[in-house]
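Residue numbers (my numbering): 54 to 385.
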Ligand code: NAP
């Protein structure tokens, strides 16, 4: 049997382009005992994949050249030689960018799609949702009445952070890159204030105006000048959750920012980075809580869905130009 796959063909310098990817057809081997044949349904594209395109040491190993890109995929079991899965089951795992693939029964887990949309296991009930939950609850520790600012607020992680902060009774301020996202977060996701960083003339003032009592928790998804402006409004004993720095992922030089340490010191601010896998032992607890909020209607979610396997590289590149509202997924 043949299948289409997408490999990394060269390492990008700056913003990746379609030339960094190659489509090819490969033969699949026979399925052995303990293996399953899967057909991809939903493929996740995530900002951390940009880091894996570099040949640099990080928490996730670089993608090898001329090998299929790996990412989170929700897939349908179309043939099984495993006692753990049967044909028709839906599974999720870190899988290759192939239309059809064979994997060990140990590499995936079955998910319940009777009441939950399958793609939610890539978003609100997957890695981004858990990132929002653990980053906010374990580091941000929001308290009722506090002001929580989240950058990248209309993305897969940000939209969950803002809503959890609302559940905890906080004044929630989002930062996004389009007026449409401003409207969506205010009207559909109950954010109190949302700032468009592309049109705001003075970000420091825009944040000061949106946060009259200052910033108690900053959930940082983007870094760079946006974060400099938020931190200049930070309160005594505030918590800064360093989740992502997407504004720097395609930088070819290290940018120079203000020295923020004196401000953190004099205002007794905690700033902590984290990787969601730090909380791996608690994923069950996190997934249960997120599922409960989703089923109770307290946590809403939105997705940008691209259609067709060939769209995967474009969808990944689109994260860096703000093409998505909520989780970006590719549906086959
Ligand atoms: P996402 O927000 O769904 O997609 C990225 C969004 O970032 C875009 O839609 C865009 O929205 C914004 N953006 C892109 N380039 C930007 C720039 N130069 N300046 C400001 N905003 C920019 O991605 P996500 O999955 O929720 O991830 C958000 C962040 O969390 C990323 O930095 C990611 O690496 C990080 N993350 C960390 C962990 C962890 O374990 N620490 C886990 C998951 C994700 P706009 O239209 O608003 O610009």
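Cβ coordinates follow ideal geometry from the N, Cα and C atoms, glycine included.
On a predicted model such as this, the values are computed, not experimentally measured, just so you know.
Element boundaries [alpha helix (DSSP H), containing residue i]
i           : result
residue 194 : Neither: residue 194 is in no alpha helix (DSSP H) and is coded neither H nor E.
residue 240 : 232–242
residue 336 : 336–348
residue 128 : Careful: residue 128 lies outside any alpha helix (DSSP H), inside the beta strand (DSSP E) at 123–133.
residue 315 : 314–319
residue 104 : 101–105
residue 260 : 256–263
For residue i, three-class secondary structure by DSSP
i           : result
residue 285 : coil
residue 380 : strand
residue 169 : coil
residue 362 : helix
residue 325 : strand
residue 183 : helix
residue 295 : strand
residue 174 : helix
residue 95  : strand
residue 215 : helix
residue 280 : helix
residue 118 : coil
residue 395 : With the chain represented from 54 up to 385, any question about residue 395 goes unanswered, as that position is not in the structure.
residue 64  : coil
residue 188 : helix
residue 303 : coil
residue 249 : strand
residue 71  : helix
residue 89  : strand
residue 204 : strand
Chain D within 9 Å of residue i, Cβ atoms only
i           : result
residue 314 : In the structure shown, chain D cannot be found, because there is only a single protein chain.
Straight-line Cα distance separating residue j from residue i
i           : j           : result
residue 149 : residue 182 : 22 Å
residue 109 : residue 69  : 16 Å
residue 78  : residue 155 : 15 Å
residue 317 : residue 192 : 15 Å
residue 357 : residue 346 : 21 Å
residue 213 : residue 350 : 13 Å
residue 323 : residue 270 : 10 Å
residue 171 : residue 382 : 11 Å
residue 95  : residue 71  : 20 Å
residue 385 : residue 291 : 44 Å
residue 158 : residue 377 : 32 Å
residue 331 : residue 260 : 31 Å
residue 153 : residue 55  : 8 Å
residue 215 : residue 256 : 19 Å
residue 163 : residue 280 : 39 Å
residue 145 : residue 328 : 20 Å
residue 296 : residue 151 : 29 Å
residue 129 : residue 139 : 10 Å
residue 211 : residue 204 : 7 Å
residue 366 : residue 76  : 10 Å
residue 311 : residue 238 : 30 Å
residue 137 : residue 126 : 19 Å
residue 224 : residue 89  : 48 Å
Where the beta strand (DSSP E) through residue i begins and ends
i           : result
residue 76  : 74–80
residue 269 : 268–273
residue 58  : 55–61
residue 162 : 161–163
residue 148 : 143–149
residue 157 : 153–157
residue 225 : 224–229
Whole-Å CB distance - residue i paired with residue j, under 8 Å assumed
i           : j           : result
residue 20  : residue 200 : Missing from the structure shown is residue 20; the chain here goes from 54 to 385 and no further.
residue 251 : residue 277 : That pair is no contact at about 13 Å.
residue 222 : residue 198 : 6 Å
residue 64  : residue 106 : 6 Å
residue 195 : residue 218 : 5 Å
residue 352 : residue 343 : 7 Å
residue 354 : residue 371 : Actually they do not touch by this definition, with Cβ atoms about 18 Å apart.
residue 87  : residue 134 : 7 Å
residue 293 : residue 262 : That belief does not hold up - the Cβ atoms of residue 293 and residue 262 are roughly 20 Å apart, past 8 Å.
residue 26  : residue 321 : The requested residue 26 is not part of the displayed model; the chain covers only 54 to 385.
Residue i CB to nearest heavy atom of the ligand FAD below 8 Å
i           : result
residue 334 : Judged by which ligands are present, the ligand FAD is missing from the structure shown, whose ligands are the ligand NAP.
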